[in-house]
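Using UniProt numbering, the letters of the sequence shown correspond one by one to residues 1 to 485.
No residue lacks a Cβ here, since even glycine has one placed at the ideal position from N, Cα and C.
Owing to the predicted nature of the structure, the values given are computational and were not obtained by experimental measurement.
In what follows, a structure is listed as structure tokens, so that the remarks can point back to it.
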Amino acid sequence: MDDSEFLPKLSQNLLEILDDEEYYDITIEVGNDPNVRIFRAHMVILNYRSTYLRRILSTNKMKNDETLTHIKLPNIIPEIFQIILRYIYSGRISLKEYSNLDIFNILVAANELSLQELISYLQSFLIKNKVEWMKQNFNLIYQMSFENDSFLDLQKFCTELISKQPEKIFNSTDFTSISEKVLISLIKHDKIQMSEAQVWEHVLKWGIAQNPGLSSDPSSYSNDDFNSLKVTLKRCITFIKFTKFTSKEFLDNAYPYKKIFPEELYENSIKYFLGRPEPQRTEPQVIKEIESKIIDSKIITIQHAELISKWIDRLENTNELKNSYEFKLIFRGSRDGFTADEFHKICDNQSRTVTIIKVKDSTEILGGYNPIEWKNNCSYCIYSYGTTRDSFIFSFLNKENIEKCLISRVMDETRAVGYWYSYGPSFGGGDLTIYGGDRRGEVSLCNKTSYCIKTSYEKQIRKTEEDFSVEEYEVFQIINDIRLK
């Protein structure tokens with residue numbers, strides 16, 4: 001007899017324990033009025049099956065008078081919790097008897113309870129068996145998946161669909177109800193078959209909808225109206241590539257809203273349109289093709305970016321430029337915040353990034369290339385590493401002379417990049433470490449707590465190992481120029 005043949009009996013016995021009314025030692029209040037239900041359970045099983053419940057139970061242990069432990073789960077529907085509770089005990093779940101919406105709600109609740117095995121199973125089940133339903137409820141699926149880092153499979157499904165059918169979300173009736181985070185993820189998508197001017201129109205539609213009473217006609221706006229829209233679109237507008245507009249599109253669709261533009265972005269756009277001939281348009285236009293030789297940076301120039309592009313392709317000993325990469329700004333300290341928490345909110349799960357750092361009270365520029373994703377290791381509160389052979393760190397003595405530079409490639413591939421909740425972008429075991437404070441943001445990168453000490457890379461990129469302060473720093477995502485492919 002195979003060992004696994006005993007498992008069905010064990011599963012059944014555990015369900016019988018759940019249904020037994022005599023030996024339970026915890027009650028769980030689930031739901032909100034008027035739909036509230038009390039469940040009985042056993043702490044030892046909950047403790048080992050759910051890390052979320054383990055954390056709750058660690059602060060709600062049985063009192064000395066032997067009063068039952070009682071916890072509340074107001075965010076979960078009682079009927080859904082009953083399904084999950086039986087899964088927790090038996091290790092089994094049959095989805096055939098449940099509706100598509102029930103399955104979706106089970107997934108949301110599984111995420112709340114940190115049931116990783118069930119999360120993976122449910123994502124796979126939906127993608128394999130419920131594609132049409134997910135298309136019909138695309139906004140619901142898209143918004144939920146991109147607001148939870150646990151749903152990577154659903155994020156991939158949505159990304160592939162939006163590439164081919166962007167109207168599924170942009171033209172939906174509830175588009176204006178999506179969150180800013182979801183909207184930015186759409187804007188940043190690299191291969192949406194929709195022009196940049198069309199994307200801008202949808203972003204404006206979303207921003208106006210967030211300000212009830214605001215007209216869609218900017219000629220009627222007061223200064224307060226423009227200021228309200230500017231605050232609403234403060235982050236979104238920086239991801240719009242206005243140099244992809246035709247001159248007419250910019251004049252008709254962007255210029256009327258010039259008062260909501262960041263000053264530097266507006267000036268760069270005007271300079272671009274004044275200095276270029278009208279391009280020939282081919283359709284469909286891929287939204288994120290690189291076209292102009294400009295870089296949205298307060299620290300480096302396009303010449304620095306081209307040199308770093310050569311380093312990415314390992315061409316530091318030649319004048320040849322194999323690929324011209326687009327440097328897409330995704331994070332700026334002075335705009336988004338200098339704490340490590342702000343860095344991780346925006347840059348986690350982003351790969352192929354270049355970090356550029358301006359050292360305070362110095363002409364020095366430091367930086368590094370990370371081809372893999374950034375992560376926040378706050379779940380374990382320990383420092384961990386990402387593995388890659390392609391990362392490197394570098395320094396420039398000043399902005400004016402790019403020849404005075406130094407590149408240092410990784411030697412210990414298993415310690416290429418560092419992950420910790422108190423660090424911003426960090427490389428090696430201290431080769432370039434940007435300290436950004438704890439999760440409360442009590443210390444920022446502006447403080448003199450960052451340093452460069454050679455451990456995992458070929459060379460020391462600074463002349464000193466002393467700590468330094470960060471005046472400004474930027475993170476760019478690297479995108480191929482498809483014209484050179």
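- Restricting attention to Leu57, Asp412, Ser426, the CA atom closest to the CA of Met43 is found in Leu57.
- In chain order, Phe138, Asn139, Tyr142, Ile162, Phe175, Ile178, Leu186 place their CB closer than 8 Å to the CB of Ile169, counting only its own chain and leaving out the 5 sequence neighbours on each side.
- By the criterion of a C-beta distance shorter than 8 Å, Cys347 is surrounded in its chain by Ile330, Phe331, Thr353, Trp374, Pro425, Val475, once the five residues flanking it on both sides are discounted.
- Phe146: member of the alpha helix (DSSP H) spanning 138 to 146, first to last residue.
- Taking C-beta atoms as the reference points, Leu68 and Asp25 count as a pair closer than 8 Å.
- When DSSP states are grouped into helix, strand and coil, Arg86 belongs to the helix group.
- Residue pairing from DSSP places Asn32 in a beta bridge opposite Asn35.
- By the beta-carbon neighbour count (other beta carbons within 10 angstroms, threshold 16), Gly275 is exposed.
- As the crow flies, the alpha-carbon of Thr301 is around 18 Å from that of Glu263.
- The closest CA to that of Ile28, considering only Leu154, Phe39, Ile83, is found on Phe39.
- Inter-residue distance for Tyr89 and Ser309 is about 54 Å (C-alpha atoms, whole angstroms).
- Excluding five sequence positions before and after Glu342, the CB atoms of its chain that fall closer than 7 Å to its own CB belong to Asp336, given in chain order.
- The closest CA to that of Leu307, considering only Asp296, Lys298, Phe327, is found on Phe327.
- Here Ile260 carries a helix assignment [DSSP, helix/strand/coil].
- Apart from sequence neighbours up to five positions away, the residues of its chain that approach Ser11 with a beta-carbon distance below 7 Å are Ser90, Gly91, Arg92, ordered along the chain.
- Under the three-state reduction of DSSP output, Phe427 falls in the strand class.
- Annotation for Phe226: Lys259, Ile260 place their beta carbon closer than 7 Å to its own, counting only its chain and skipping 5 residues before and after.
- In the structure shown, Ala110 falls within a helical segment according to DSSP collapsed to helix, strand and coil.
- With 16 or more other CB atoms across the displayed protein chains lying within 10 angstroms of its CB, Asp431 is buried.
- Cβ contact annotation for Lys230 (same chain, cutoff 6 Å, sequence separation greater than five): Ile260, in chain order.
- In its chain, beyond the 5 residues on either side, Cys452 have a beta carbon closer than 6 Å to the beta carbon of Arg462.
- The continuous alpha helix (DSSP H) containing Cys347 extends over residues 340 to 347.
- If you draw a straight line from the Cα of Ser469 to the Cα of Phe242, it comes to about 34 Å.
- By the Cβ-count criterion, Glu472 is buried, with 16 or more other Cβ atoms from all chains shown falling within 10 Å of its own Cβ.
- Cys405 and Asp361 have their C-alpha atoms spaced approximately 19 Å apart.
- Residue pairing by DSSP places Gln12 opposite no residue, since no beta bridge is assigned to it.
- The alpha-carbon separation between Leu107 and Asp467 amounts to approximately 46 Å.
- DSSP places Cys405 in no alpha helix (DSSP H) but in the uninterrupted beta strand (DSSP E) bounded by 405 to 409.
- Residue environment for Tyr23: exposed (fewer than 16 other C-beta atoms within 10 angstroms of its C-beta).
- Residue Lys345 holds the alpha-carbon nearest to the alpha-carbon of Ser422 among Glu465, Lys345, Val359.
- Taking 8 Å as the cut-off, the Cβ atoms of Leu113 and Tyr52 count as close.
- Pairwise C-beta distances place the region 124 to 137 out of contact with the region 70 to 89, as fewer than three of them are shorter than 8 Å.
- With 16 or more other CB atoms across the displayed protein chains lying within 10 angstroms of its CB, Lys358 is buried.
- When only Cα atoms are considered, Tyr457 and Glu403 end up about 21 Å apart.
- Checking the DSSP bridge columns, you'll see Ile478 partnered with Phe327.
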